[in-house]
Structure formats: structure tokens, C-alpha cells
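Written out below as C-alpha cells is the structure these notes cover.
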Amino acid sequence: GGQDGSGCGGACGSRSPTPDTPLSRSDALLRPRSPTPTKMLAWEEQHGGRGRASACGSPGDSDHEGRGDQTDGFINKLIEACQMNDVNRAFSLFEKLRRMRVPLYEGVYKMIMECCMRTQQLGLAIQFYETLKGSNQRISARLVTVLIEACAREQHGDKVHAIWIDWCPVGQPITAVSGEVLFVVVSALIRTMSPDLAHEVLTDALRRPGESLVASVGAGVEVELEDLLQLNETVADEARMNGTLMGELAGQFTELHVLLQDVRQHCLQELASRPGSSPQQPRGGPSGGYGAAEELLLMEDVDLDLELAAM
1444 GGQDGSGCGG ACGSRSPTPD TPLSRSDALL RPRSPTPTKM LAWEEQHGGR
1494 GRASACGSPG DSDHEGRGDQ TDGFINKLIE ACQMNDVNRA FSLFEKLRRM
1544 RVPLYEGVYK MIMECCMRTQ QLGLAIQFYE TLKGSNQRIS ARLVTVLIEA
1594 CAREQHGDKV HAIWIDWCPV GQPITAVSGE VLFVVVSALI RTMSPDLAHE
1644 VLTDALRRPG ESLVASVGAG VEVELEDLLQ LNETVADEAR MNGTLMGELA
1694 GQFTELHVLL QDVRQHCLQE LASRPGSSPQ QPRGGPSGGY GAAEELLLME
1744 DVDLDLELAA M
């Protein structure tokens, strides 16, 4: 019950006059009947049952329906505000719903964040993230990925790093879910010219308690690491060509490349040692996998097999 005390602060922009102002008769008549608003509202999950009635504070069906009319109306207005890129109105409506303790689906939070990004207000999106955290709202991998990618587009590597550490604190084991976000974070840090922070994040993840990356993330870890290797090379080459690869930066990209290669090789060995697993062949000739000529021969063999099968 401490949510009322943790306001949005500067993120809310203009606040609505009072959270309990009743909707007008015209608003009530315009209650949205499309599937979008009701799917954004948690009380509709158990429609026809008593499950949400007590949570809404209305023992009677008519009161429950009235509550639904009001909250549906607010949520529809919030969705419209986001679609029209009216950030201040969106935050005002969100604050009203929050004070009414209306449970919202994650899609609403995502729409608000994306509204902030479309209007180039990354600071508001980060404040909104902090508001959700302060209200003990679970921040999903999907939502934090949206925010991380937004920070990367604005070239804020420090913010990417800070959000990762806040969302998945040091010492917390890497799971399948956080492992996926980990690769997004490393990619974002490479793209924001922060190879030193990417090295730090990956090194810390490898030292955390719990299972290995392979055990946590699965066999796809090898592909993720190879993609990061290629991205690291591409970004470093582009920086070299435009003259921005100066000072310690070149060495930091090289150190990250070596780390990514080592981790990938270790993962390949772990995958190959699994019972019943076929040996994984690394892609990209120099690391011991198939070269271009061998791959071409394999493709020709496959084509020939297909032709013979068709005869």
C-alpha cells in the first residue's frame, strides 16, 4: 500500500486536478468496446467472476461495472494520448490510474515508454522506469530492452550500463531471461562506442554464481557471441575509417574481441561435451570452422542430393 507515496516526480509533467473526478455522462457512453482497452485492463481477466471484485473495492456487480466504465475510459484516453504523442497527458492519466490502484498490463507501460522515445524525451522514459521500480512494479525483459535500445540510439552507453546494473544487480545469477538481455546490453555498448563497459559487463556476468552461459541461455549462445564478434569488428572498422578510433579505444575494442572469442570457444567446448550432442562446428574459417570453399562444396553436395531425390 506504499504506492501512493512514490509519485512520478518530474516525469509526470502536468498532473490532473484530482484522481477521483468522475467521468461525464458523454464519457461513460463512449466507453470503448474494442478488444484493445479491455486487454490492457487486468480486472477483465476474470470477467463474470468474483476474483477482481474485492480488489476493485466494489462488492456489488453494479459498482464493479461502474468501476470498469471509469477505468476503461481512462485507459482508452491514455492509449489515445500515446498514439497522439501527447506525453504530458499520457503521464497525467497514468498517474490517475496509479493512484486508483488500477492494475495495468505491460503493454500500457511499453506504449508510454515508446511515446517518450518518439517525442525524443529519453529522460522522461528513464524517469518512468524509475517510477515503476519505486512502485514495486516488475520490469520485464521486454520493457527493459526497449529502454536499453532507446539509450543506445541516443549514444548513451553510460545509461545502458546503469540500467543493466539496476535491473540485474551484481551478484545475481544469470538466467535464461537475463541472459538474453545481457547480449542486448553488450551489443548496445559496442554500438555506443563503449567497449570497455561491454567488457566489464560480460566479465562480471561470467563471474556470477549459478550455471554457465550455455546452461542458462542454451545452445543459441554460440550464435549470439558470433554476432557480437562481427558487430565489434564492424564498429571498430568504421571508427578506424572515420578517424574516431583514437587513444585507448582501439585497445579496448581488441580486448573485447579477445574476450568474446574466448567465451565463444569455451561455450563451443561445453556444447560439444554435452551427452548426446553432435559436435558444433564454428562458423568463419579462421577459428577452426568451415572455410568458404568447404561450405561451397557442402552446398553443392546438398544440391546434388536434392536433384537425385527428385529423379
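Throughout the sequence shown, residue numbering follows the working numbering, covering 1444 to 1754 in sequence. Note that CB positions come from ideal geometry on N, CA and C, so glycine has one too. Source: prediction; values computed, not measured.
Contacts around residue i, its chain only, beta-carbon distance under 8 Å, and the 5 residues preceding and following it disregarded
i: asparagine 1528; result: Cys1558, Arg1561, Thr1562
i: valine 1620; result: Ala1584
i: valine 1627; result: Thr1588, Ile1591, Glu1592
i: threonine 1677; result: none
i: lysine 1553; result: Arg1585, Leu1586, Val1589
i: methionine 1556; result: Ala1568, Phe1571, Tyr1572, Leu1586, Val1589, Leu1590, Ala1593
i: valine 1624; result: Ala1584, Val1587, Thr1588, Ile1591, Trp1607, Trp1610, Cys1611
Residue i to residue j span [Cα, whole Å]
i: leucine 1656; j: valine 1706; result: 9 Å
i: glycine 1516; j: leucine 1586; result: 24 Å
i: arginine 1532; j: leucine 1521; result: 7 Å
i: arginine 1726; j: histidine 1700; result: Bear in mind that the predicted position of arginine 1726 carries a pLDDT of just 44, short of 50, making it unreliable; the figure below should be weighed with that in mind. Going from the Cα of arginine 1726 to the Cα of histidine 1700 covers about 16 Å.
i: asparagine 1579; j: tyrosine 1572; result: 11 Å
i: arginine 1634; j: glycine 1614; result: 26 Å
i: alanine 1605; j: glycine 1566; result: 14 Å
i: alanine 1688; j: alanine 1682; result: Here residue 1688 turns out to be leucine, not alanine, going by the sequence shown. Spanning the two alpha carbons is a distance of roughly 5 Å.
i: leucine 1575; j: glutamine 1526; result: 21 Å
i: proline 1638; j: glutamine 1598; result: 13 Å
i: aspartate 1609; j: glutamate 1523; result: 31 Å
i: glutamate 1538; j: cysteine 1611; result: 26 Å
i: isoleucine 1518; j: alanine 1595; result: 30 Å
i: asparagine 1675; j: glutamine 1564; result: 28 Å
i: methionine 1636; j: leucine 1547; result: 37 Å
i: glutamate 1691; j: glutamine 1708; result: 26 Å
i: valine 1603; j: threonine 1514; result: 34 Å
i: leucine 1702; j: leucine 1540; result: 47 Å
i: threonine 1432; j: leucine 1632; result: Only positions 1444 to 1754 of the chain appear in this structure, which leaves residue 1432 out of reach.
i: serine 1716; j: cysteine 1710; result: 10 Å
i: glutamate 1549; j: isoleucine 1582; result: 9 Å
i: glycine 1577; j: glycine 1600; result: 23 Å
i: arginine 1544; j: valine 1530; result: 21 Å
i: asparagine 1685; j: alanine 1693; result: 13 Å
i: glutamine 1712; j: arginine 1542; result: 53 Å
i: glutamate 1667; j: glycine 1622; result: 10 Å
i: proline 1718; j: leucine 1536; result: 55 Å
Opening and closing residue of the alpha helix (DSSP H) in which residue i lies
i: alanine 1679; result: 1664–1684
i: glutamate 1549; result: 1549–1561
i: glutamate 1597; result: Per DSSP, glutamate 1597 belongs to no alpha helix (DSSP H) and is neither H nor E.
i: leucine 1703; result: 1692–1715
i: glutamine 1570; result: 1565–1577
i: glutamate 1538; result: 1530–1542
i: valine 1545; result: Counting along the chain, valine 1545 falls outside any alpha helix (DSSP H), and DSSP gives it neither H nor E.
i: serine 1659; result: 1656–1660
Cβ-based neighbour list, residue i, same chain, cut-off 7 Å, excluding 5 preceding and 5 following
i: valine 1629; result: Ala1641, Val1644, Leu1645, Leu1671
i: aspartate 1680; result: none
Own chain residues within Cβ distance below 6 Å of residue i, not counting five before or after
i: isoleucine 1617; result: Ala1648, Arg1651, Ser1659
i: glycine 1653; result: Pro1616
i: glutamate 1488; result: Bear in mind that a pLDDT of 34 at glutamate 1488, under 50, signals an unreliable position, so the model cannot answer this.
i: serine 1497; result: At serine 1497, the pLDDT of 33 sits below 50, so the modelled position is not reliable; the number obtained from the coordinates is stated separately. Cβ neighbours of serine 1497 beyond the five flanking positions: none.
i: glutamine 1695; result: Pro1638, Asp1639
Residue i Cβ short of 6 Å to the ligand MG heavy atom set
i: isoleucine 1633; result: The ligand MG is not among the ligands present in this structure, which contains no ligands whatsoever.
Entirely enclosed beta strand (DSSP E) segments - the stretch 1605–1637, minimum 3 residues: none
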